Ligand SMILES: [Zn+2]
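In this note's numbering, the protein residues as written are 26 to 536.
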C-alpha cells in the first residue's frame with residue numbers, strides 16, 4: 026500500500042485544507058481516515074493477533090494492546106503506571122486469570138504421578154568414613170572399635186575437573202557411632218546449615234551435607250541454568266546423555282535454588298560494600314514472578330554488582346542504596362531516583378528521545394530535535410577529550426543547550442515541549458558529568474548488566490516463587506561481581522555451598 030509520507034502529512038495543514046474545494050477535502054479526509062485505520066490496526070497488534078513476539082507486549086498490560094514503551098521517564102506517566110503496577114500485583118495478572126483450569130495446578134510433580142527412583146545401585150569410587158571424635162556429654166576423646174558397622178551411609182555424586190576435562194565421581198559416606206565410658210552414645214552427623222522456608226511448601230530447603238549432589242555438581246547445574254539459560258528438563262537430559270548421571274527434575278531444581286540460597290550471606294556483604302563505592306549505576310527492568318509484574322533492579326559499580334527482584338516502589342531502592350551511601354548515582358529519569366541529589370542522569374535516554382523528535386512530522390520539532398542531539402553529542406565528545414581543552418568547550422555548549430530547552434519548553438508540539446521541560450527540570454543531573462569528569466554520561470554499565478537477565482526472562486518467563494527470585498538475584502550478583510574482579514565464579518560458589526552445608530559463613534569474594 027502506498028502510504029502517506031511525513032512529507033505529505035507536513036503539507037496537509039489547516040491553510041492547505043482551507044484552500045481546497047469541498048469534494049477534494051472529502052477525498053483528502055477519506056484518505057486520511059484509511060491511513061488512520063491502518064495505523065490503529067497496527068497499534069493494536071500484539072503477540073496474540075500477529076506474528077509479533079510476546080516480548081513486544083506492554084508489561085503493564087499483558088494480553089492488551091501492544092504499547093511498546095515499557096519504561097517512561099516522564100513525571101506524569103510514571104505515577105499512573107505505578108498505580109497500574111500495584112493493581113496488577115494485587116489481583117494477579119489478567120493473563121493468568123483468563124487461562125484455563127490447567128493453570129491452577131501447582132508446578133512440579135502431581136499427586137499420584139509415577140515416582141522416580143534409581144534402578145541400579147551406584148558403584149562408589151571411594152568410601153569416606155565419618156567417626157565421632159569426642160563425647161557430646163563429657164567431651165572425652167572417643168575410640169570407634171573397628172568391627173562396628175556404620176549406622177548410616179549415603180552416596181554423593183560430585184563433578185571433578187581433570188587435566189583433560191570433567192568427570193562425575195561417586196563417593197559413599199559412612200557415618201559411625203561410638204559409646205563413651207560415661208555410657209553416652211555419640212553419633213557422627215552430616216553438616217547442616219541455613220533452612221529456607223516458603224509458605225505453603227511441603228518441604229523446606231535445607232543446606233545439608235546429607236544430599237546426593239556434591240557442591241561442584243550443584244554449582245555446575247546452577248551454571249547451566251542461570252548462565253547458560255537451560256531449562257530444568259534440558260539439564261536433566263544433558264546430565265543423563267553426556268555425563269551418565271540420572272537426576273530428577275526436582276533434584277535439578279533444588280540444586281539451583283540451593284546455590285542461590287547459599288549465596289544470601291555473600292550478597293549481604295556486597296550490599297555493605299556497595300555503600301562505600303564512589304559511583305554506582307542503577308537500573309531496573311520488568312520481571313515476572315508467578316506471572317505477576319515485578320522489577321529486576323541492578324546496582325553496579327566498578328567492583329560490586331547487586332541484583333534484586335521486587336516492586337518498582339521507592340522503598341525497594343533502599344535495599345540497594347541505603348542512607349549510608351554518599352557517592353554518585355547514575356540513573357535513568359525514573360522518579361524514584363529524583364530525590365537523590367548527587368546524580369547523573371543517563372544521556373542515552375534523552376538522546377533517544379531527541380532522535381525520535383528529529384524524525385517527527387513537524388518541521389520545528391525536527392529542527393529542535395537535531396539541535397538537542399548536536400549539543401548532547403558535542404558535550405559527550407568534549408568531555409571525552411583529555412585535559413582542560415575539552416572542558417573549556419563545554420560552557421558554550423551548555424549555554425546553547427539551555428537556550429534550546431528554554432525555547433522548546435514554550436513550543437506547541439507536545440513531545441518537543443515535554444523533552445525540553447524534562448531536561449530543564451532535571452538540569453543539574455543531566456549535566457553533572459561536565460563538572461565531575463569521573464562520572465559516565467550514560468547508564469550503559471547497568472543496562473549491559475541487565476541484558477543477560479532480560480534474555481532469560483524472555484526464555485523462562487521469570488521466576489515462580491519469592492525464594493526463586495531471591496536465589497536467582499543472589500546468583501546473578503555473585504557471578505557479576507566475580508566477573509568484575511576477575512575471579513572464577515563457579516569455584517567460589519561451590520566453595521560457598523560446601524561451607525553453607527556445614528553451617529559456616531562464606532568468605533568474601535577476593536578483591
Ligand atoms: Zn562421655
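C-beta: ideal position from N, C-alpha, C; glycine also.
These numbers come from a predicted model, not from an experiment.
Cβ-heavy atom distance, residue i to ligand 1, below 7 Å
i, result
"residue 212", "no"
"residue 209", "yes"
"residue 165", "yes"
"residue 162", "yes"
"residue 317", "no"
"residue 205", "yes"
DSSP beta-bridge partners of residue i
i, result
"residue 586", "It is not possible to answer for residue 586, since the shown part of the chain is limited to 26 through 536."
"residue 153", "198"
"residue 363", "Answer by DSSP bridge pairing: none, since residue 363 is not bridged."
"residue 488", "314"
"residue 159", "166"
"residue 377", "Answer is none; residue 377 lacks a bridge partner."
"residue 369", "355"
> What are the start and end residues of each continuous beta strand (DSSP E) run of 3 or more residues lying completely inside the segment 172 to 260, in chain order?
Replying inline: Listed in chain order, the complete beta strand (DSSP E) runs (minimum 3 residues) inside the segment 172 to 260 are 177 to 187, 190 to 200, 202 to 204, 210 to 212, 217 to 221 and 230 to 233.
> Which parts of the segment 35 to 63 are runs of the alpha helix (DSSP H), unbroken and 4 residues or longer, counting only runs that do not cross its ends?
Replying inline: Counting whole runs of 4 or more residues, the segment 35 to 63 contains the alpha helix (DSSP H) stretches 39 to 43.
>> For the structure I just gave you, are there three or more beta carbon pairs, one from the segment 274 to 281 and one from the segment 249 to 265, closer than 8 Å?
In response: Two segments are said to touch when three or more pairs of C-beta atoms, one from each, lie closer than 8 Å; by this definition the segment 274 to 281 touches the segment 249 to 265.
>> Any contact between the segment 330 to 341 and the segment 495 to 503? By contact I mean 3 or more CB pairs, one from each, below 8 Å.
In response: At 8 Å Cβ cutoff, the stretches touch.
> Which full runs of the alpha helix (DSSP H) of 4+ residues lie inside the segment 283 to 354, going along the chain?
Replying inline: 289 to 299 and 339 to 342
> If you scan the segment 491 to 525 from start to end, which runs of the alpha helix (DSSP H) of 4 or more residues do you find wholly inside it?
Replying inline: Qualifying alpha helix (DSSP H) stretches, in chain order: 491 to 509.
> Does the count of Cβ pairs from the segment 150 to 163 and the segment 195 to 204 closer than 8 Å reach three?
Replying inline: yes
> Hey, is the segment 349 to 362 in contact with the segment 384 to 394, meaning 3+ C-beta pairs nearer than 8 Å?
Replying inline: no
>> What ranges does the beta strand (DSSP E) occupy inside the segment 433 to 478, keeping only unbroken runs of at least 3 residues that lie completely in it?
In response: none
>> Three or more C-beta pairs under 8 Å: does that hold for the segment 448 to 460 against the segment 343 to 352?
In response: no
> Below 8 Å, can you find three or more Cβ-Cβ pairs linking the segment 418 to 431 to the segment 365 to 374?
Replying inline: no
> Counting pairs of Cβ atoms below 8 Å between the segment 236 to 256 and the segment 172 to 191, do you hit three or more?
Replying inline: yes
> Using 8 Å as the threshold, is the segment 203 to 218 in touch with the segment 158 to 173, meaning 3 or more CB pairs across them?
Replying inline: Of all C-beta pairs linking the segment 203 to 218 to the segment 158 to 173, three or more are shorter than 8 Å, placing the two stretches in contact.
> If we count Cβ pairs, one from each stretch, closer than 8 Å, do we get three or more for the segment 458 to 472 versus the segment 302 to 316?
Replying inline: Segments in contact, yes.
>> Under 8 Å: do the segment 217 to 231 and the segment 262 to 273 share three or more Cβ pairs, one atom per stretch?
In response: no
> Counting pairs of beta carbons, one from the segment 316 to 327 and one from the segment 280 to 292, are three or more of them closer than 8 Å?
Replying inline: no
> Pairing CB atoms from the segment 524 to 532 with CB atoms from the segment 212 to 223, are three or more of them under 8 Å?
Replying inline: yes
> Are the segment 309 to 319 and the segment 472 to 489 touching, with three or more C-beta to C-beta distances below 8 Å?
Replying inline: Because the criterion of three Cβ pairs below 8 Å is met, the segment 309 to 319 and the segment 472 to 489 touch.
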